[in-house]
Amino acid sequence: MGRIKRHVARKKLGVLVQKLESTIVKTIRKGDVVTKWDENKYVIVAIDNGHETSTITNRLMKNIESEIEGDLLSVTLLFGAASYPVEGKTFEELLRKSQNQLYQYRNLQENE
8 MGRIKRHVAR
18 KKLGVLVQKL
28 ESTIVKTIRK
38 GDVVTKWDEN
48 KYVIVAIDNG
58 HETSTITNRL
68 MKNIESEIEG
78 DLLSVTLLFG
88 AASYPVEGKT
98 FEELLRKSQN
108 QLYQYRNLQE
118 NE
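Heads up, this note's numbering is the position in the sequence shown plus 7, with the first residue counted as 1.
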């Protein structure tokens, strides 16, 4: 019985991950690029939008919340974002800035 429950849970999780990935792709704008960085990490390179900081995380959260509303699984999402050229001029600087932001959010989450 335990194996069946684990199988069902893995299948539901797989469907949820597919929904999340699909929502990410639908949320980014033409010209933006998304790539899977690690098992459950994604990098989005957004074109300059004229804002001081990236607004993509707000759009992602809103769209993901509406997409998975009503699902029986609970999900915690953490985002890190950095905007060119305000927060960095090279890919490495932007990635480091967004990773630091992500880790700060994760630490806050763990301390709650």
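Quick reminder that beta carbons are idealized off the backbone N, C-alpha and C, glycines included.
Buried or exposed for Ile54, going by 16 or more other Cβ atoms inside 10 Å? exposed
Which residues in the same chain have their Cβ closer than 7 Å to the Cβ of Leu101, if we skip the five residues on either side of it in sequence? Ala89, Tyr91, Glu94, Gly95
According to DSSP, is Thr62 part of a helix, a strand, or is it coil? coil
If we call anything under 8 Å between Cβ atoms a contact, is Leu85 one with Met68? no
Distance, Arg113 Cα to Lys33 Cα: 25 Å
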